[in-house]
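Participant: Let me begin by handing over the structure; questions about it come next.
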Amino acid sequence: MRRRDTWDAIVIGSGISGGWAAKELSAKGLRVLVLEAGRPIDPARDFLMNAPAYEFDYRYMGDERHLSTRQRIQRKCYACDEGATQFFVDDVDNPYTTPEDRPFDWIRGRQVGGKSIMWGRQCYRMSDLDFEANARDGHGTDWPIRYRDLKPWYDYVESYAGISGERLGLPQLPDGPFLAPMPLTCSEQWVRDNLRKAYGDERVMTIGRVAVLSEAHNGRPGCHYCGDCHRGCSTGSYFNSVQTTLKDALATGRTTLRPFSVVHSLIWDETAGKVTGVRVVDGQSRAPLEFSARLVFVCASALESTRILLNSRSRSHPDGLGGNSGVLGRYLMDHTMQHGAGGLVPGFEDKRTFGNRPNGIYLPRFRNVKDQHPDFLRGYGYQGGGYRSVAGWGRGSTRRGFGADFKHGLRVPEYGSWRMSLGGFGECLPHPDNRVTLDPERVDRWGIPVLHIDMQWRENERAMMADAETAAAEMLEAAGCTDVKTYNNDTPPGLTIHEMGTARMGKSPKDSVLNKWNQVWDAPNVFVTDGASMASSGCQNPSVTYMALTARAVDHAVGALNRKEL
9 MRRRDTWDAI VIGSGISGGW AAKELSAKGL RVLVLEAGRP IDPARDFLMN
59 APAYEFDYRY MGDERHLSTR QRIQRKCYAC DEGATQFFVD DVDNPYTTPE
109 DRPFDWIRGR QVGGKSIMWG RQCYRMSDLD FEANARDGHG TDWPIRYRDL
159 KPWYDYVESY AGISGERLGL PQLPDGPFLA PMPLTCSEQW VRDNLRKAYG
209 DERVMTIGRV AVLSEAHNGR PGCHYCGDCH RGCSTGSYFN SVQTTLKDAL
259 ATGRTTLRPF SVVHSLIWDE TAGKVTGVRV VDGQSRAPLE FSARLVFVCA
309 SALESTRILL NSRSRSHPDG LGGNSGVLGR YLMDHTMQHG AGGLVPGFED
359 KRTFGNRPNG IYLPRFRNVK DQHPDFLRGY GYQGGGYRSV AGWGRGSTRR
409 GFGADFKHGL RVPEYGSWRM SLGGFGECLP HPDNRVTLDP ERVDRWGIPV
459 LHIDMQWREN ERAMMADAET AAAEMLEAAG CTDVKTYNND TPPGLTIHEM
509 GTARMGKSPK DSVLNKWNQV WDAPNVFVTD GASMASSGCQ NPSVTYMALT
559 ARAVDHAVGA LNRKEL
């Protein structure tokens, strides 16, 4: 085993949180080593934006043999198509286990940039309705911070990333320094106007707040509406760590990025009483390596970060680093989704869309904001949009004719009716039995113990899903839509790709893994700033909260290091 130089800080992971940690640490003068389990990414080579279907080996239908054998879980994600399948893990090399009757669809990316390459880019702040929820209803442990603690850091990361959206002045969905909002379609504007007539300011539909530039910002051009965001954005118009935070970190000359570095565990020094480095398996040679640092930021994504902590066993920490409280691995959460309603929007037959807008609508939470619903705690928001279907080229296979008139007929688009969809995204209560542990028998390709994931939707989540269906239908009908139908796809946990918790923040080392600065109580020079740190889930897409928590934690860590407190 070889030991390398000592760094000021090691960052594990290069995605949303890891990129921010690297940028902030290096900007403050620290020498930083970023360890990424996957391969390097070159946007010019790997981002397949605008490539037409005929340029793909399988004409954008995908390699069915590969998907059915190597990516059986990953293919369930809408973005895992032939233009982006290379950004998703190989399920055979990266296994995990679940109870037979409780599936969990764990969607993962393993390359420089992580899932920041193919994420949905929706950015919604949490509010004190969320930060105070655990204390208010007794589920989980109270957050050690409030919105006022995170607000300046939300402002900071949003100003850098560039979030387009509309200011609404809603206490449950705080505003930020947004770029100009992207426009609604005619059908969305019609539904929005009619909802305001029916519900006033209680239920406000807006354009999604998204980390895609509506105008040039920080040296990056505005979106050109190609719609292939999940393939990677060659122009850098959407936020991903490869073209923003990591790029800036490397530009300082103080950051070293090491791909193919699969982290096994953290090194605990019994004599020093602290973590002194990181154990790594080289992703290509499988050689064991060790790297030393004064600070370690664990940003490997929620469950991978907890897996690293669980594997970091020592005499002082027999249940893993941060495991002395007994809650490490517990309180796993995700968001419910794919439940709501859709309907026809009358009129607008002379209107059509152009381009491909990179986001849809958002309808913020309205349940349990003022009055308590009798059937469930917490709440949900809606995402969706108004669209008009267009018949594809395949219609020619069933149409009679030949010659010039036949060809001309196929060139003329055939539009269907306008439709409107509202899909609920609901909060998951923190529950101790929703948890991850190390599987005692299975290891991954690199010989590292894998996770056993045991999670299920419980009574509160199912009651919330049912209400989201009903309320969506009621709103669409109130707006004037016809042929309204509800749906609930009974999507298992994991597929929303908002997994969080398992190493939660808290006020006491007795019932949490991290303190208010995202420090591990049992190892103060270790910080966990990704989704693992979440004490509750809210119903909002969480990535911008991870960014803010990371920037805040780095600021505290460097200050403590300079004061020789670490």
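One point on numbering: in the working numbering, the residue at position 214 of the sequence shown is 222, and numbering is uninterrupted. Think of the CB as a built atom: it goes at the ideal place given N, C-alpha and C, for glycine as much as any other residue.
Using the Cα positions of Phe64 and Pro48, report the straight-line distance between them to the nearest angstrom.
Facilitator: The C-alpha of Pro48 is placed about 22 Å away from the C-alpha of Phe64.
Participant: Could you give the residue range of the beta strand (DSSP E) that holds Pro448?
Facilitator: Arg443 to Val451
Participant: From Asp277 to Lys31, what distance separates their C-alpha atoms?
Facilitator: If I take the Cα positions, the gap works out to 28 Å.
Participant: Report yes if the C-beta distance between Met69 and Phe95 is below 8 Å; otherwise report no.
Facilitator: For the pair Met69 and Phe95, the CB atoms are not nearer than the 8 Å cut-off.
Participant: In its own chain, which residues sit with a C-beta less than 8 Å from the C-beta of Ser333, not counting the 5 before and 5 after it?
Facilitator: Pro517, Lys518, Asp519, Ser520, Val521 and Trp529
Participant: Compare the Cα-Cα distances from Leu265 to each of Asp99, Ile456, Gln119 and Met134 and report the closest residue.
Facilitator: Gln119
Participant: So, for Asn376: in the same chain, excluding its five sequence neighbours on each side, which residues have a beta-carbon less than 7 Å away from its beta-carbon?
Facilitator: Leu385, Arg386 and Gly387
Participant: Can you give the beta carbon distance from Tyr155 to Gly184, rounded, assuming they're within the 8 Å contact cut?
Facilitator: Contact flag wrong, Cβ pair sits at about 12 Å.
Participant: Give the range of the beta strand (DSSP E) segment to which Arg287 is assigned.
Facilitator: It spans Lys282 to Asp290 - the beta strand (DSSP E) in which Arg287 sits, taken as one unbroken run.
Participant: What residues are listed by DSSP as bridge partners for Met513?
Facilitator: Met513 pairs with Leu522.
Participant: In angstroms, rounded to a whole number, what distance separates the CA positions of Leu274 and Asp99?
Facilitator: 25 Å
Participant: Confirm, please, whether the CB-CB distance from Glu507 to Ala310 is below 8 Å.
Facilitator: yes
Participant: Taking all protein chains shown into account, decide if Met9 is buried (16 or more other Cβ within 10 angstroms of its Cβ) or exposed.
Facilitator: The predicted model places Met9 with a pLDDT of 48, which falls under 50 and marks its position as unreliable, so this point remains unresolved.
Participant: Thr494 and Ala486 look like a contact to me (Cβ under 8 Å); what is the Cβ gap, rounded to whole Å?
Facilitator: Not quite, the Cβ-Cβ distance comes to about 15 Å (not below 8 Å), so this is no contact.
Participant: Have a look at Arg396 and Cys194 and give me their C-alpha separation to the nearest angstrom.
Facilitator: 10 Å
Participant: Buried or exposed, going by whether 16 or more other CB atoms sit within 10 Å of the CB of Ala17?
Facilitator: Its Cβ being crowded by 16 or more others within 10 Å, Ala17 is buried.
Participant: To the nearest angstrom, report how far apart Gly351 and Ser545 are at their CA atoms.
Facilitator: 29 Å
Participant: Using the rule of at least 16 other Cβ atoms within 10 Å of the residue's Cβ for burial, across every protein chain shown, is Glu210 buried or exposed?
Facilitator: With fewer than 16 other Cβ atoms within 10 Å, it is exposed.
Participant: Assign Phe95 to one of three DSSP states: helix, strand, or coil.
Facilitator: helix
Participant: If you follow the beta strand (DSSP E) that Met428 is in, where does it begin and where does it stop?
Facilitator: Tyr423 to Gly434
Participant: Determine the direct distance from the alpha carbon of Ile369 to that of Asp491, and round the result to whole angstroms.
Facilitator: A straight-line Cα-Cα distance of about 20 Å links Asp491 and Ile369.
Participant: Would Ser365 be called buried (16 or more neighbouring beta carbons within 10 Å of its own) or exposed?
Facilitator: The amino acid at residue 365 is misidentified as Ser; the sequence shows Arg. Buried.
Participant: Could you give the DSSP three-state label for Ser76: helix, strand or coil?
Facilitator: In the structure shown, the three-state DSSP call for Ser76 is helix.
Participant: Report the three-state DSSP secondary structure of Met9 (helix, strand or coil).
Facilitator: At Met9 the pLDDT is 48, less than 50, meaning the model places this residue with poor confidence; the figure from the coordinates comes in the next sentence. Reduced to three states, the DSSP call for Met9 is coil.
Participant: Put Pro267 into one of helix, strand or coil per three-state DSSP.
Facilitator: coil
Participant: Do you know whose CA, among Asp89, Ser269 and Glu108, lies nearest Arg287's CA?
Facilitator: Ser269
Participant: Just mark Ala52 as buried or exposed, buried being the case when its beta carbon has 16 or more other beta carbons within 10 Å.
Facilitator: exposed
Participant: Might you give, ordered along the chain, the residues of its own chain that have their beta carbon closer than 7 Å to the beta carbon of Lys378, omitting 5 neighbours on each side?
Facilitator: none
Participant: Applying the criterion that 16 or more other CB atoms from any shown protein chain within 10 Å of the CB defines a buried residue, is Ala556 buried or exposed?
Facilitator: buried
Participant: Taking the straight line between their C-alpha atoms, what separation do you get for His460 and Asp101?
Facilitator: 15 Å
Participant: Hey, how far is the Cα of Asp538 from the Cα of Ser429?
Facilitator: 31 Å
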